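Engineer: Got a structure for you, written out below as structure tokens; questions coming shortly.
In full-length UniProt numbering, the protein residues as written are 1 to 170.
Pasting the structure below:
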């Protein structure tokens with residue numbers, strides 16, 4: 001519990017699969033003060049449920065970070081291509097690409113790629129290993145690790161996550 005605001009918050013790792021260098025980890029988080037409905041339920045989120053979006057302020061790009069947080073990236077005047085700096089404690093920056101996609105550059109060389117819908121499409125470490133994210137009808141349906149192994153995600157009739165199946169059908 002956060003004493004500052006009384007929010008109950010916790011997270012749990014549901015799945016961890018070691019790749020060559022990158023691991024696929026599915027981590028759920030819950031925030032009692034969250035008023036958003038996601039495919040994981042009311043107040044719940046998942047680490048790969050990240051999204052970049054334009055705000056009403058043209059100098060600010062918003063990002064939902066997959067941990068029940070909304071972050072703000074601020075435009076750097078005179079930057080080419082359009083560069084946005086993240087919160088001071090994050091040490092990362094976001095580039096708006098000409099094709100309407102975004103690339104987030106993290107502190108230790110990891111890059112996160114977002115498609116034109118703003119959804120996370122790929123992560124890539126500084127050694128070139130990557131994890132690919134595939135969507136069907138706006139829902140994350142497949143995660144492919146750096147060894148080309150698939151993790152499939154299925155949803156019920158209400159678009160809520162119902163199963164996660166790894167490459168060994170577990």
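Idealized CB from N, CA, C, for every residue including glycine. As the structure is a prediction and not an experimental result, all values here were calculated from the model.
1. Return the CA-CA distance between residue 23 and residue 145, expressed in angstroms with no decimal places.
2. In chain order, what residues of the same chain have a beta carbon less than 8 Å from the beta carbon of residue 114, not counting five sequence neighbours either side?
3. Using the three-state DSSP reduction, which class does residue 102 fall into: helix, strand or coil?
4. Could you name the residues of the same chain whose beta carbon sits closer than 6 Å to that of residue 152, not counting the 5 residues immediately before and after it, in chain order?
5. Roughly how many angstroms lie between the CA atoms of residue 90 and residue 155, to the nearest whole one?
6. Give me the Cα-Cα distance between residue 170 and residue 123, rounded to the nearest whole angstrom.
7. Between the C-alpha atoms of residue 35 and residue 167, what's the straight-line distance to the nearest angstrom?
8. Check this for me: beta carbons of residue 82 and residue 67, under 8 Å apart or not?
9. Short check: CB of residue 39 to CB of residue 139, under 8 Å?
10. In three-state terms, what does DSSP make of residue 48?
11. Give me the DSSP bridge partner(s) of residue 150.
12. Looking at the secondary structure, which residues open and close the beta strand (DSSP E) in which residue 13 lies?
13. Rounding to the nearest angstrom, what Cα-Cα distance links residue 72 and residue 31 in this structure?
14. Once you ignore the five residues that flank residue 70 on each side, which residues in its own chain have a CB closer than 8 Å to its CB?
15. If you drop the 5 nearest sequence neighbours on each side, which residues of the same chain put their C-beta closer than 7 Å to that of residue 74?
16. Is it right to say residue 133 is buried, meaning 16 or more other beta carbons lie within 10 angstroms of its own, or is it exposed?
17. At what residues does the beta strand (DSSP E) containing residue 72 begin and finish?
Structural biologist: By the coordinates alone:
1. Indexing the chain shown from 1 puts residue 23 at position 23. Indexing the chain shown from 1 puts residue 145 at position 145. Each residue's alpha carbon lies about 8 Å from the other.
2. Residue numbering aside, residue 114 sits at position 114 when the chain shown is read from its first letter. Around residue 114: 50, 51, 52, 101, 102, 103, 104, 120 and 121.
3. Taking the first residue of the chain shown as position 1, residue 102 is located at position 102. Correct three-state label for residue 102: strand.
4. Residue mapping note: residue 152 aligns to position 152 of the chain shown, counting from 1. Excluding positions up to five away in sequence, the list reads 142 and 165.
5. Counted from its first residue, the chain shown places residue 90 at position 90. Counted from its first residue, the chain shown places residue 155 at position 155. Whole-angstrom Cα-Cα distance: 33 Å.
6. As a working mapping, residue 170 is identified with position 170 in the chain shown. As a working mapping, residue 123 is identified with position 123 in the chain shown. Those two C-alpha atoms are separated by around 24 Å.
7. What you label residue 35 is simply residue 35 of the chain shown in a count that begins at 1. What you label residue 167 is simply residue 167 of the chain shown in a count that begins at 1. Each residue's Cα considered, the two are about 34 Å apart.
8. As a first step, residue 82 is located in the chain shown; it is residue number 82 there, counting from the start. As a first step, residue 67 is located in the chain shown; it is residue number 67 there, counting from the start. Cβ atoms of residue 82 and residue 67: not closer than 8 Å.
9. Position 39 of the chain shown, counting from 1, holds the residue named residue 39. Position 139 of the chain shown, counting from 1, holds the residue named residue 139. Yes, they are a contact pair.
10. For the purposes of this step, residue 48 is identified with residue 48 of the chain shown, where counting begins at 1. Correct three-state label for residue 48: coil.
11. By 1-based counting over the chain shown, the position of residue 150 is 150. Beta-bridge pairing links residue 150 to 144.
12. Start at 1 with the first residue of the chain shown, and residue 13 comes out as number 13. Per DSSP, residue 13 belongs to the beta strand (DSSP E) from 9-17.
13. On the chain shown, residue 72 is found 72 positions in, with the first residue counted as 1. On the chain shown, residue 31 is found 31 positions in, with the first residue counted as 1. Taking the straight line from one Cα to the other gives about 19 Å.
14. By one-based count along the chain shown, residue 70 stands at place 70. Here the set comprises 62, 63 and 64.
15. As a first step, residue 74 is located in the chain shown; it is residue number 74 there, counting from the start. So the qualifying residues of the chain are 59, 60, 84 and 85.
16. Taking the chain shown and counting its residues from 1, one reaches residue 133 at position 133. The residue in question, residue 133, is buried, as its Cβ has 16 or more Cβ neighbours within 10 Å.
17. Numbered from its first residue, the chain shown carries residue 72 at position 72. Looking at the DSSP string, the run of the beta strand (DSSP E) that includes residue 72 is 70-75.
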